[in-house]
Amino acid sequence: MVEDHDKENKVTVDLQSTEEWLSYANDLVPVALEKAREVKGFPGRWKSIISKLEQIPTRLSDLSSHPCFSKNTLCKEQLQAVSNTLNESIQMAEKCLKEKPGGKLQMQSDLDSLSGKIDLNLRDCGLLIKTGVLGEVASSSCTQSGSEGTSEGSCNVTELLARLQIGHLEAKDKALDSLVDVMREDEKTVLPFLGRSSISALVQLLTATSPRIREKTVTLICTLTESGTCDDLLVSEGVLPPLIRLLESGSSVGREKSAIALQRLSMSAETALSIVGHGGVQPLAEVCYMGDSVSQASTICTLKNLSAVPDVRQTLAEEGVIKIMIVILDSGVLLVSKEHAAECLQNLTLSSEELKQSVITEGGIQSLLSYLDNGLPPEPAIGTIRNLVGSVSIESLISIGLLSRLVCVLNSSSTGAQKVAMSTICRICDTMEVKKVVGESGCIPLLVKLLEVKSNELREVAAQALASLMTVLCNVREVKRDPRSVPNLVQLLDPNPQNTAKKYAVFCLGVLSTSKKCRKLMISYGAIGYLKKLTDMDIIGSKKLLERLQRGKFSNFFG
């Protein structure tokens with residue numbers, strides 16, 4: 001039985017086992033109810049408190065009937081918390097029974113606080129049972145407690161995760177500290193134990209009243225997103241809105257970690273749509289202008305990820321993202337920020353004529369050319385310019401030095417950039433005059449050289465660009481002058497299905513076949529054998545070229 005309360009209503013207990021704490025709490029319940037029912041003042045609040053106190057025995061019974069009840073410290077700690085709340089209830093009732101219990105507003109506040117504590121006790125008891133935390137903690141007893149240098153967190157990760165879900169904010173704060181330390185040492189010790197309930201608890205802590213707890217939580221969530229193991233769980237448990245709020249009004253650490261987490265999560269198209277739906281574009285745009293360099297790079301990358309989703313491109317444009325990306329191209333602190341900005345513009349200009357015109361109007365072309373001059377990865381900038389072909393005159397692009405940049409890219413070691421540059425050449429070659437200017441830029445020898453690369457895709461684009469240029473006579477002469485052109489083109493007659501450049505090679509060789517010298521070279525490099533197979537495959541132009549080479553071969557023989 002509970003000892004009689006002294007005059008100051010304080011009870012000193014010295015209990016050791018979980019069973020003893022259970023008995024103590026059960027004995028306190030009728031005392032607390034009896035005292036509460038005697039109170040006459042504040043009837044509405046006390047009626048609510050009594051209703052909640054009456055639920056405690058059932059929760060304690062459910063808790064004690066669990067098979068793992070006595071095998072861990074969580075139950076014992078929970079019973080201690082319940083006992084403290086019951087004692088506080090008894091003391092509060094006795095205080096209200098006095099003639100002058102104190103200030104009315106203060107008493108109302110104290111009663112509301114007490115009611116909240118009872119709610120927390122009831123909720124935590126239910127969580128221990130319903131979520132399976134009790135069994136998980138018991139089954140993951142510490143097996144490394146004797147190991148030198150092993151922390152409490154690494155011994156019992158499941159218990160730490162459970163502590164995020166129950167108890168007061170201070171206890172959760174300590175559990176967060178331990179989890180952050182464990183994740184810092186080896187995140188693999190935590191990831192296997194993460195479930196929906198622990199993820200949900202972390203997400204709820206993102207909105208805690210303590211800025212320090214929010215910082216720790218978002219740091220932990222940032223690490224989880226970088227691991228890529230629980231992105232779907234995080235999103236389904238509602239992590240996006242609090243991350244966006246931290247981006248708007250969090251501390252510098254909170255903004256940085258939120259930005260990194262959103263960057264990782266936005267790689268999913270579905271999540272990208274959700275970020276836009278939760279109003280995330282404007283906060284991301286603001287950090288691009290005002291954030292530190294790391295946060296800026298992450299938010300620009302996030303906007304780039306969003307721009308990959310066609311349905312949100314118009315929204316991005318309406319929030320001023322095009323202008324922001326051009327500003328970043330001109331004055332971004334980190335080189336990676338400029339690269340992400342160029343990629344974002346490339347996505348935004350894929351289809352919409354309106355967005356293309358916005359990039360042109362904001363001076364985006366000149367910024368993209370300046371980007372190319374800074375030695376940054378050229379693919380996104382060239383890709384954006386390629387998208388703009390048709391929305392701006394080819395002559396103006398040539399006049400501001402596009403061709404010299406394309407030649408530099410063709411001469412680089414980046415196969416991706418070379419491919420984009422060659423496809424850009426194909427797009428701008430819409431008139432004979434432009435083709436002549438392109439041929440004079442010095443790109444033809446580079447295209448001939450690229451016919452030798454291992455990549456089937458790259459060879460095809462090079463052959464296509466060459467075929468386009470060779471409709472102009474002066475460019476044909478330039479190709480003839482290169483000793484590698486005929487042997488490289490003949491090699492592209494290979495009938496292998498993986499060789500997708502053969503139709504362009506047939507065209508180029510057909511143009512060159514007007515030259516007796518070129519025909520002899522084609523025959524010497526085995527073109528006739530290739531063409532016989534291509535004729536059987538109905539490759540356009542192969543039959544005519546074969547006949548021309550065979551006539552030349554027979555006339556040489558009889559001559």
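Those letters in the sequence shown? Residues 1 to 559, per UniProt numbering, in order. Idealized CB from N, CA, C, for every residue including glycine. Quick caveat: nothing in here was measured; it's all calculated off a predicted structure.
Beta-bridge partners of residue i, as assigned by DSSP
i	result
Val389	Val392
Burial state of residue i (16 or more Cβ within 10 Å)
i	result
Val511	buried
Arg551	exposed
Ser147	Reliability of the predicted coordinates at Ser147 is poor, the pLDDT of 38 falling under 50, and the value obtained from them is presented with this limitation in mind. Exposed: under 16 other Cβ atoms inside 10 Å.
Leu105	exposed
Tyr289	exposed
Asn475	buried
Ile394	buried
residue 567	No information on residue 567 is available, as it lies outside the stretch 1 to 559 that the chain covers here.
Glu547	exposed
Ser468	buried
Ala333	Looking at the sequence itself, residue 333 is Val, so the reference to Ala does not match. Answer is exposed; the Cβ neighbour count stays below 16.
Pro283	buried
Gln464	buried
Ile118	buried
Asn156	buried
Gln498	exposed
Thr58	exposed
Lys40	exposed
Ser145	At Ser145, the pLDDT of 39 sits below 50, so the modelled position is not reliable; the number obtained from the coordinates is stated separately. The residue is exposed, with fewer than 16 neighbouring Cβ atoms inside 10 Å.
Ile540	exposed
Thr514	exposed
Met537	exposed
Thr299	buried
Beta-carbon proximity check, residue i vs residue j, cutoff 8 angstroms
i	j	result
Asp311	Ser252	no
Arg264	Glu226	yes
Ser367	Ile322	no
Cys125	Phe42	no
residue 563	Glu319	Shown here, the chain extends from 1 to 559; a query on residue 563 therefore has no answer.
Gln346	Gly383	yes
Leu388	Thr349	yes
Leu545	Leu509	yes
Gly363	Ile324	no
Thr217	Leu205	yes
Leu53	Leu33	yes
Ala287	Ala259	Note that residue 287 is Val in the sequence shown, not Ala. Their beta carbons are under 8 angstroms apart, which means Val287 touches Ala259 by this criterion.
Ala261	Asn305	no
Leu369	Ile400	yes
Leu202	Leu164	yes
Arg37	Ile50	yes
Leu114	Leu179	no
residue 627	Leu549	Coverage of the chain is limited to positions 1 through 559, which leaves residue 627 absent and any answer about it impossible.
Thr169	Ser210	The question names Thr, but residue 169 is Leu in the sequence shown. Yes.
Neighbourhood of residue i by C-beta distance below 7 angstroms, restricted to the same chain and skipping five residues each side
i	result
Ser423	Arg386 and Val461
Lys47	none
Ser542	Val506, Leu531, Leu534 and Thr535
His278	Leu240, Pro241 and Ile244
Cys301	Gln263 and His340
Ser391	Glu353, Lys356, Gln357 and Ile360
Cys518	Lys480, Val486 and Leu512
Met470	Val476, Val479, Cys508 and Val511
Asp110	Met92
Gly254	Arg214, Glu215, Val218 and Leu246
Val309	Ala269, Ala272 and Leu273
Sequence-distant residues of the same chain with beta carbon closer than 6 angstroms to residue i, five excluded per side
i	result
Thr18	Ser70, Cys75 and Lys76
Asp62	Ile129
Ala208	Arg214
Asp173	Ile213
Glu256	Val294 and Ser295
8 angstroms Cβ cutoff, residue i in contact with chain C
i	result
Val218	Of the protein chains in this structure there is only one, and it is not chain C.
Sequence-distant residues of the same chain with beta carbon closer than 8 angstroms to residue i, five excluded per side
i	result
Leu410	Gln418, Ala421, Met422, Cys443, Leu446, Leu447 and Leu450
Cys230	Leu191, Leu194, Ile199 and Leu224
Gln55	Leu122
residue 572	The chain is shown from 1 up to 559; residue 572 falls before or after that span and cannot be answered.
Gly439	Leu469, Val472, Cys474, Asn475 and Glu478
Discussion item. With three or more C-beta pairs closer than 8 angstroms as the rule, is the region 118-129 touching the region 56-66?
Written reply: yes
Discussion item. With three or more C-beta pairs closer than 8 angstroms as the rule, is the region 411-418 touching the region 428-436?
Written reply: no
Discussion item. Contact between the region 17-36 and the region 87-97 is defined here as three or more beta-carbon pairs at a separation below 8 angstroms; is this criterion met?
Written reply: yes
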